[in-house]
Every structure is written in structure tokens, then in C-alpha cells.
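To start, the structure under review is shown below, and the notes come after it.
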Amino acid sequence: MPLDADASYTCPYCGETNYVGVDPLAARRQSFIEDCPVCCSPIAFTVRIDGDGDALVEQAERAD
Ligand SMILES: [Zn+2]
Numbered sequence: 003m004p005l006d007a008d009a010s011y012t013c014p015y016c017g018e019t020n021y022v023g024v025d026p027l028a029a030r031r032q033s034f035i036e037d038c039p040v041c042c043s044p045i046a047f048t049v050r051i052d053g054d055g056d057a058l059v060e061q062a063e064r065a066d
């Protein structure tokens, strides 16, 4: 199992597709806020870890 996983998402502010790094060992479902690397706006993520340790972004919403 990898130590971290990247999950793709589309930024709700600028529409760019990016990847966010997730620790698959931390929890099966994780919620956190991280700034978009393109437009620097805060995004509220909900990420799910599947049985293979892959991360999937369930939601990427505006957090402002
Ligand atoms: Zn953005």
C-alpha cells in the first residue's frame, strides 16, 4: 500500500483539474481544507479511500 495517494479534482473556483495528496492510512473518509495551487482559494475536500488504498475526491467545494 502506498504511503500517500493523489486524487484528482476540479477546482470550484477556477475550474482547473489538479491533484491533492491524501494519506490513505489516516482514515477511510477524510475532510479537510486546502488551497488550490492555481488560484490559491480555499477548497473543502471530502476524500474517500477505497479498498486498494486509492484516494477518490467525493466533494470539492468552496470553503470561503
Ligand atoms: Zn483554483
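With the first letter of the sequence shown counted as 1, position 12 gets the number 14 in the working numbering; the numbers rise by one all the way through. Backbone N, C-alpha and C define an ideal beta-carbon position, used for all residues, glycine too.
query: Span of the beta strand (DSSP E) around Pro14; result: Where Pro14 is concerned, there is no enclosing beta strand (DSSP E), given that its DSSP letter is neither H nor E.
query: Contact between the stretch 37-44 and the stretch 52-59 (3+ Cβ pairs under 8 Å); result: no
query: Closest by C-alpha distance to Leu58, when choosing among Ala65, Gly17, Arg64, Gly23; result: Gly23
query: Boundaries (first-last residue) of the beta strand (DSSP E) holding Ser43; result: Ser43 -> no beta strand (DSSP E), and no H or E assigned at all.
query: Option in Arg30, Asp66, Thr19 with minimal Cα separation from Asp6; result: Arg30
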